[in-house]
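Numbering (this note's numbering), first residue to last: 42 to 580. Yeah, the Cβ is synthetic: ideal placement off N, Cα and C, and Gly gets one too. Computed from a prediction, not measured in an experiment: that's the story for all the values here.
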């Protein structure tokens, strides 16, 4: 059942809600003939078992279609018929996909819900047999399923005709803070179109700050996805709007946009330009004044740049300076950054202390902060545990199990942070001589990253393949290693700046592919190249 916002839901549920809600609101927009902006922060949901008790352990994509119908019912105020049930995965574009264990699901419905006479599934779902008096209804898209259950169009009077810009900007900021990147990009684009309309009945002092926020958030979200061209376009548009309208846009918002651009430069390995940008922002902040929190964000991202460059002493120095300035609600993540620095330098006691402080701050934070930051804590702790396991022999299995317990909180690597958790679980398993489990986890992570189009995420995929290729070389599986070498070269050549940064390494990999069978010297050279690439990728 769905409900208005107020209760915290697990991160994996939030991602499901976001994906399903985007598809539902696209159908609503089409049926109403009016713009409908999806705001995931306005909603929450819970899953109840046959006895009416809340069950927060439910995972998997099969709950997506019933969630979509419940959400549509909630926003249109039209109840779902009591004789209807559904199971199916829902993609963001509304496509319906089949689910596993359909026979068991239908048998449970037949046994526990005697009133159900219709069950909606994907048109690609394979079903064998007859289940009581239930009629199977197939649908290719969410719109078809909604029309089947709600044949009458929604009442336009239930939806406001005017847009509350301040409310939409607050929602956009929340989407960005909770890492709902696709929704943030889509909604920022909708708002930009609305705000740039010549007939807009709003004052300039209301439009300009809102438009700046939309440019900045949209550019920053494209940065998170590694989409360089789009990032440059929107962040430059934000900076240009600020320069043309001084006094209407907060300086701290302008600095935030500049920090996001510096992060983009780091992510595409343009390190010198990123460093220049950070120091330029530092100078502007000193001259024009800004909040301590904004200064801290700039120092923190500069620290992460130095971590990527392997300049660990400077990374620690700037991160500690940042932590004295960052707001309490966000300083918890800075302890995570500090833990990453200590982990990379082998200072595991210091890393453990930083992670402990990170955990304590999360435990005393509100539900929204915990939901946003906990996945990052798990990723950083998973890397810490794996790297500790690399340095010991007797405790490798217990450490591997600890990483596995973290990974179990994320049944599928549906975005890059859980994917990195599963990466370190797979690597920890290999260290603990649990080969089957380790290779299985690495394959799952590689499959996730290989389906992404964003160059930055493909670099993360290359980092996983590098680790697996090294493992294949060590055990003499040269054919499997060559396949990974080819894929690594492809992943590192998708974007001009990234390709330039790794050009010599990719060339060396190409030479190695045909030489591995010639003896240990060729294998050693290939491994040296892989380790050099691994050291260059900061994740």
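- DSSP places residue 474 in the coil class of the three-state scheme, outside both helix and strand.
- Distances from the alpha-carbon of residue 359 to those of 442, 70, 341 put 341 closest.
- Residues 464, 483, 486, 487, 490 of the same chain have their beta carbon placed closer than 7 Å to that of residue 505, with the five preceding and five following residues left out of the count.
- Looking at the DSSP output, residue 163 bridges to 180.
- Residue 401 and residue 426 have their C-alpha atoms some 18 Å from each other.
- Within the stretch 418–463, the alpha helix (DSSP H) runs of at least 4 residues that lie entirely inside it are, in chain order, 437–448.
- In this structure, residue 380 lies near residue 421, with their beta-carbon atoms less than 9 Å apart.
- For residue 272, the three-state secondary structure derived from DSSP is helix.
- Between the stretch 70–78 and the stretch 132–145 there are fewer than three inter-stretch CB-CB distances shorter than 8 Å, so the stretches are not counted as touching.
- Under the 10 Å beta carbon count, residue 145 is surrounded by fewer than 16 other beta carbons and is classified as exposed.
- Short of 7 Å from the beta carbon of residue 221, and not among the five residues preceding or following it, lie these beta carbons of its own chain, in chain order: 59, 81.
- Counting C-beta pairs with one atom in each stretch, the stretch 177–195 and the stretch 152–164 have three or more that are closer than 8 Å, which means they touch.
- Annotation: residue 532 to residue 337 spans about 33 Å, alpha carbon to alpha carbon.
- 9 Å or more divides the Cβ of residue 302 from the Cβ of residue 332.
- Here residue 375 has 341, 360, 363, 364, 367 as same chain residues with Cβ atoms under 7 Å from its own Cβ, once five neighbours each way along the sequence are excluded.
- Listed as beta-bridge partners of residue 125 by DSSP are 159.
- The shortest CA-to-CA distance from residue 61 to any of 72, 51, 113 is the one to 113.
- Here residue 290 carries a strand assignment [DSSP, helix/strand/coil].
- Taking C-alpha positions only, residue 396 is separated from residue 119 by approximately 48 Å.
- Distance between residue 247 and residue 207, taken at the CA atoms: about 9 Å.
- Measuring C-alpha to C-alpha distances from residue 88 to each of 107, 74, 313 identifies 107 as the nearest.
- By the neighbour-count definition (other C-beta atoms within 10 Å, threshold 16), residue 548 is an exposed residue.
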